[in-house]
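First the structure, in the form of structure tokens, and then the observations on it.
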Amino acid sequence: MADVAIPRAKPQMSEDTAWTRLKHNRNWLGFWFMVPAMAFLIFFLAYPLGLGIWLSFTDTRIGRVGHFVGTENYEWLWDDSIFWLSVFNTLLYTTVASAIKFAVGLYLALLLNENMPFKAMLRAMVLIPFIVPTVLSALAFWWIFDSQFSIISWSLKHLGLINQNINFLGDTTWARICVIFANIWRGVPFVAITLLAGLQTVSPSLYEAATLDGATRWQNFRFITYPLLTPIIAVVMTFSVLFTFTDFQLIWAMTRGGPVNATHLMATLSYQRAIIAGQLGEGAAISSAMIPFLLAAIMVSWFGLQRRKWQQGESND
Amino acid sequence: MTDLPTRSIDLKAVLSGSSPTVAKDDHSEGMSYLQSVPRRLVTLYLPLTIIVVVLLFPFYWMALTSVKPDDQLLDLDKFNPFWTWNPTFKHFHKLLFESYYPHWLWNTMYVAICATMLSIIASVLAAYAIVRLRYKGANLVGGLIFLAYLVPPSILFIPLATVVFQYGLFDSPLALILTYPTILIPFSTWLLMGYFKTIPFELEECALIDGASRWQILTKIVLPLAIPGLISAFIFCFTLCWNEFIYALTFLQSTSNKTVPVAIVNEFVDGDIYRWGSLMAGALAGSLPLVILYAFFVEHYVSAMTGAVKE
């Protein structure tokens, strides 16, 4: 009997251990699978993020190890009018560009959601500004906004609206308008296409029912489209705000912060101070000063997602 | 997407329920038949045309400038600036044979492909582990990766510059190949997690019962099923790499090592008043590879963009 029982017990034992081993090793296995991604993110993202905050409390320069100086960099920035100008510019740039991007993007998404010939091709074309590298399209804008040979000035002159060329990138107000315009131009396709994806999940029968009940087009939008789109709007706009706030390349290619610092954003100012002037500590303080704003944007996104869960829960009832 | 049958269906047919448009499967048909053609012209086609023209004009202008002869570029009064009858390839010739442009193009391509491959490999493993191994704390790690997506390069480039310098990677393509994945991994992990979730769990259970290892499951079952997701992630990562500017600007110094966006901004902007032709030719040549790639994979591209936002 014992001889029979042992071979019967054995496979069960080994099966048991294989299963438990799998179960126990799941954590280890998961760990090994995570290693490559985590290595990148820890060495080149988490560590630099901490290092950046540390650098902002030192007087490091390029080629010289810094010493801890407390909040000296921040105190220095507090009295620096150019820094405050860059904060103002960044906020202005972000609010104006994001608001218009949202309005135009939503409008474009609604237009593209209509039924029409060549729909697929139109959608594909709309996204092209988002595909082309920002710097390269910014150079095209630089040329379009040239002080002497701008095609816009030329057209307006020939239409008889102005008498002399507009100094697009040389005048502080115009320069701000131009970079904001270029940012909107690049951001609208992203907003429009992602909102369009959201619009396509809205069931058309809702509109049909509302229209039968006598709803106008505006009511259709206000009471069906908008509430159903809110969660995706929250996410898209958080991304949009985040990337507009930390924008660098558009400004650097078009104006490099000029004229008279009128278009300096916090990112471009920190590049100028840290890399060009070599004051790594001060530059790090400027970029660390962006973190509170980014956290605020992330909180908005988080609450947007929360609301989405709530909405889904209710729609399931 | 389908082209319209007759749009002139009158309301009587619709109300009687005999209209083919109502019964159509494709809901994109919508209720457009309720609008008259003139109204659609004003509320739909006119604004759409304006927006599309504004969105595409810079590219037209870029292309036109790059083939215009120099004298026509700056003389707006004698020639119609919106067209040219004698296009020249002089600017492209100058770009290809008298500058480092082929070098820069190669650098960009090399860095983009290497960084993308590295990121995709790392993200596939990470996404699979988070979604399917579901080890302890997987959800937390997923959340942290999403947060990493929100950390912009503009606040990382200063400390990264010191790190790159310490590791002796300054002015080497390796600096970019190793730093770009920090932008790409969070995005592609998040995207692939969404794809892996759609693969039925039962397939993996069957394989496990038949004695397959986790690695075999990943390479033989999950990856072949996730190919559309992999293509989306690859294309989007490649585009992001090509587009990246601030790291390349900070970490590279010698002219021959630069990537296209940085090189064009720094090397072509000299005092030459005739620089516009070659500048625009450079910008156009730097955009074309991405636009061609995009033209072939529009659907993947859109799903990558919307997938990352929806998740």
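Those sequence lines, one after another, are chains A and B. Heads up, the numbering used here is the position in the first sequence plus 1023, with the first residue counted as 1. Heads up, the numbering used here is the position in the second sequence plus 193, with the first residue counted as 1. C-beta atoms are modelled at their ideal positions from N, C-alpha and C, and glycine is treated no differently. These figures come from a predicted structure and were not determined experimentally.
Neighbourhood of residue i by C-beta, 6 Å cutoff - its chain only, sequence neighbours within 5 removed
| i | result |
| --- | --- |
| residue 1099 of chain A | none |
| residue 215 of chain B | With a pLDDT of only 40 at residue 215 of chain B, under 50, the local geometry of the prediction cannot be trusted, and the value read off the model is given with reservation. Correct list: empty, nothing qualifies. |
| residue 1131 of chain A | 1215 |
| residue 1321 of chain A | none |
| residue 338 of chain B | 379, 382 |
Chain-ordered neighbours of residue i on chain B, where CB pairs are closer than 9 Å
| i | result |
| --- | --- |
| residue 1272 of chain A | 436, 437, 438, 439, 442, 454, 458 |
| residue 1003 of chain A | Since the first residue shown for chain A is 1024 and the last is 1340, residue 1003 of chain A is missing from the structure and cannot be characterised. |
Cβ neighbours of residue i in the same chain (closer than 7 Å, five flanking residues each side left out)
| i | result |
| --- | --- |
| residue 1316 of chain A | 1268 |
| residue 209 of chain B | Residue placement at residue 209 of chain B is poorly supported in this model, since its pLDDT is 34, which falls under 50; the coordinates still yield a value, given next. Excluding residues within five positions, none has a Cβ falling inside 7 Å. |
| residue 1203 of chain A | 1116, 1119, 1120 |
| residue 312 of chain B | 374, 377, 378, 381, 430 |
| residue 218 of chain B | Because residue 218 of chain B carries a pLDDT of 42, less than 50, the predicted location of this residue cannot be relied on, and no value is offered for it. |
| residue 1097 of chain A | 1308 |
| residue 300 of chain B | 366, 450, 451, 452 |
| residue 363 of chain B | 357, 444 |
| residue 265 of chain B | 272, 277 |
| residue 307 of chain B | 370 |
| residue 1276 of chain A | 1158, 1161, 1162, 1165 |
| residue 320 of chain B | 382, 385, 386, 389 |
| residue 205 of chain B | Its pLDDT being 35, under 50, residue 205 of chain B is placed unreliably by the model, and the measurement read from it follows with that caveat. None. |
Where residue i meets chain A, residues with beta-carbon distance less than 8 Å
| i | result |
| --- | --- |
| residue 473 of chain B | 1162, 1163, 1166 |
| residue 355 of chain B | 1074, 1078, 1083, 1303 |
Proximity of residue i and residue j at Cβ, strictly below 8 Å
| i | j | result |
| --- | --- | --- |
| residue 1082 of chain A | residue 1075 of chain A | no |
| residue 1192 of chain A | residue 1225 of chain A | no |
| residue 1052 of chain A | residue 407 of chain B | yes |
| residue 436 of chain B | residue 1156 of chain A | yes |
| residue 261 of chain B | residue 236 of chain B | no |
| residue 477 of chain B | residue 1149 of chain A | no |
| residue 309 of chain B | residue 490 of chain B | no |
| residue 139 of chain B | residue 1049 of chain A | Missing from the structure shown is residue 139 of chain B; chain B here goes from 194 to 504 and no further. |
| residue 1273 of chain A | residue 1128 of chain A | no |
| residue 323 of chain B | residue 336 of chain B | no |
| residue 451 of chain B | residue 297 of chain B | yes |
| residue 288 of chain B | residue 471 of chain B | yes |
| residue 251 of chain B | residue 1160 of chain A | yes |
| residue 1229 of chain A | residue 1247 of chain A | yes |
| residue 1080 of chain A | residue 1094 of chain A | yes |
| residue 344 of chain B | residue 1318 of chain A | no |
Beta-carbon neighbours of residue i, restricted to chain B and to distances below 8 Å
| i | result |
| --- | --- |
| residue 1122 of chain A | Within chain B, no residue comes near residue 1122 of chain A; the closest Cβ sits about 17 Å away, beyond 8 Å. |
| residue 1306 of chain A | 351 |
| residue 1314 of chain A | 348 |
Given residue i as reference, the closest of the options once Cα atoms are compared
| i | options | result |
| --- | --- | --- |
| residue 499 of chain B | B:354, B:294, B:385, B:262 | B:385 |
| residue 1310 of chain A | A:1319, A:1209, A:1296, A:1323 | A:1296 |
| residue 1265 of chain A | A:1217, A:1314, A:1240 | A:1314 |
| residue 440 of chain B | B:450, B:311, B:373 | B:373 |
| residue 1124 of chain A | A:1232, A:1210, A:1101, A:1187 | A:1210 |
| residue 1244 of chain A | A:1134, A:1114, A:1071, A:1070 | A:1134 |
| residue 432 of chain B | B:495, B:473, B:442 | B:495 |
| residue 1222 of chain A | A:1239, A:1104, A:1255, A:1059 | A:1255 |
| residue 482 of chain B | B:280, B:305, B:362 | B:305 |
| residue 425 of chain B | B:234, B:392, B:493 | B:493 |
| residue 1084 of chain A | B:228, B:318, B:269, B:352 | B:352 |
| residue 391 of chain B | B:413, B:421, B:354 | B:421 |
| residue 1261 of chain A | A:1299, A:1058, A:1326 | A:1326 |
| residue 283 of chain B | B:479, B:474, B:295, B:368 | B:474 |
| residue 446 of chain B | A:1189, A:1298, A:1087, A:1282 | A:1298 |
Chain B residues whose Cβ lies nearer than 7 Å to that of residue i
| i | result |
| --- | --- |
| residue 1149 of chain A | 245, 248 |
| residue 1172 of chain A | 267, 269 |
| residue 1282 of chain A | Under the 7 Å cutoff, chain B gives no residues; its nearest Cβ is about 17 Å from residue 1282 of chain A. |
Beta-carbon contacts of residue i that lie in its chain and below 8 Å, excluding the five residues immediately before and after
| i | result |
| --- | --- |
| residue 401 of chain B | 410 |
Within chain A, partners of residue i - CB distance below 7 Å
| i | result |
| --- | --- |
| residue 407 of chain B | 1052 |
Closer than 9 Å at the beta carbon, the chain A residues around residue i
| i | result |
| --- | --- |
| residue 258 of chain B | 1163, 1166 |
Interface residues of the segment 311–329 of chain B facing chain A [CB-CB below 7 Å]: The residues in question are 314, 315, 316, 318, 319, 321, 322, 326, 328, 329.
Contact set between the segment 478–499 of chain B and chain A, restricted to residues whose Cβ is under 8 Å from the partner: 479, 480, 483, 484, 487, 488, 491, 494, 495, 498, 499
Members of the segment 411–430 of chain B that neighbour chain A once the beta carbon cut-off is set at 9 Å: Against chain A - using a Cβ distance shorter than 9 Å - the residues of the segment 411–430 of chain B are 411.
Chain A contacts from the segment 357–376 of chain B (Cβ-Cβ distance under 7 Å): Listed in sequence order: 371, 372, 374, 375.
Contact residues within the segment 1135–1148 of chain A, judged by C-beta distance below 9 Å to chain B: 1135, 1136, 1137, 1138, 1139, 1140, 1141, 1142, 1143, 1145, 1146, 1147, 1148
Residues of the segment 383–402 of chain B whose Cβ lies closer than 7 Å to any Cβ of chain A, in chain order: Here the close residues number zero.
Members of the segment 293–311 of chain B that neighbour chain A once the beta carbon cut-off is set at 7 Å: none
Selection of the segment 270–290 of chain B by Cβ proximity to chain A, strictly under 7 Å: When C-beta distances to chain A are compared with 7 Å, the residues of the segment 270–290 of chain B below that value are 274, in chain order.
Where the segment 1056–1073 of chain A meets chain B: residues whose CB sits under 9 Å from a CB there: 1056, 1057, 1058, 1059, 1060, 1061, 1062, 1063, 1064, 1066, 1067, 1068, 1069, 1070, 1071, 1072, 1073
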